[in-house]
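Here the structure comes first, spelled out in structure tokens, and everything after it is commentary.
Residue numbers (UniProt numbering): 1 to 194.
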């Protein structure tokens, strides 16, 4: 492990300017207990933006597109000197900062007593058509006990089986070593911790 020098703290990422959000209208405002949905999109990828909008419209989901940081963003370039200490590639630093900005938005916009859920997805995801129904069918214990719910998998070995449904054909496992950020639901308390 590596300890950062106490006199060189990494500057925090600024919260998201709400005027940068692009609103996608949909009649479904939440999936299970999670609302809103944030889609992280690189401004240099209008093709993914268009596909994300089409996906949300197909599923009739309300969502917000968040502009992602790129490796050329000033916020990323100013933190590049810390990258080697953190063992991150520049692209990973930009990805982390993009997610961090959404976490800050969730943490700042949710009262502490309201431990609400939000969904964060990256612009290259492909949600199944029954994702809203699957998440709606999650047991209360999943929503009450978890901090993060990863949607899909990323070749990680699954942990203990928590829940399953033959009706909706899904299984929920404990995440032992999660490594991907393509799609997940996050509790506001977890966003504050991160």
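Where is the CB? At the ideal position from N, CA and C, for every residue including glycine.
Measuring alpha carbon to alpha carbon, tell me which of 110, 28, 131 ends up nearest residue 170.
-> 131
Could you give the DSSP three-state label for residue 68: helix, strand or coil?
-> coil
Is the Cβ-Cβ distance between residue 142 and residue 182 less than 8 Å?
-> no
Meets three-Cβ-pair contact criterion under 8 Å: the stretch 63 to 70 and the stretch 142 to 151 = no
Quick one: residues in its chain with C-beta nearer than 8 Å to the C-beta of residue 75, no 5 flanking neighbours on either side, listed in chain order?
-> 13, 14, 69, 97
State the DSSP-derived secondary structure class of residue 21, mapped to helix, strand or coil.
-> coil
Mind checking residue 274: buried by the 16 CB within 10 Å criterion, or exposed?
-> The structure shown does not extend to residue 274, since the chain is modelled only from 1 to 194, so the question has no answer here.
Mind checking residue 46: buried by the 16 CB within 10 Å criterion, or exposed?
-> exposed
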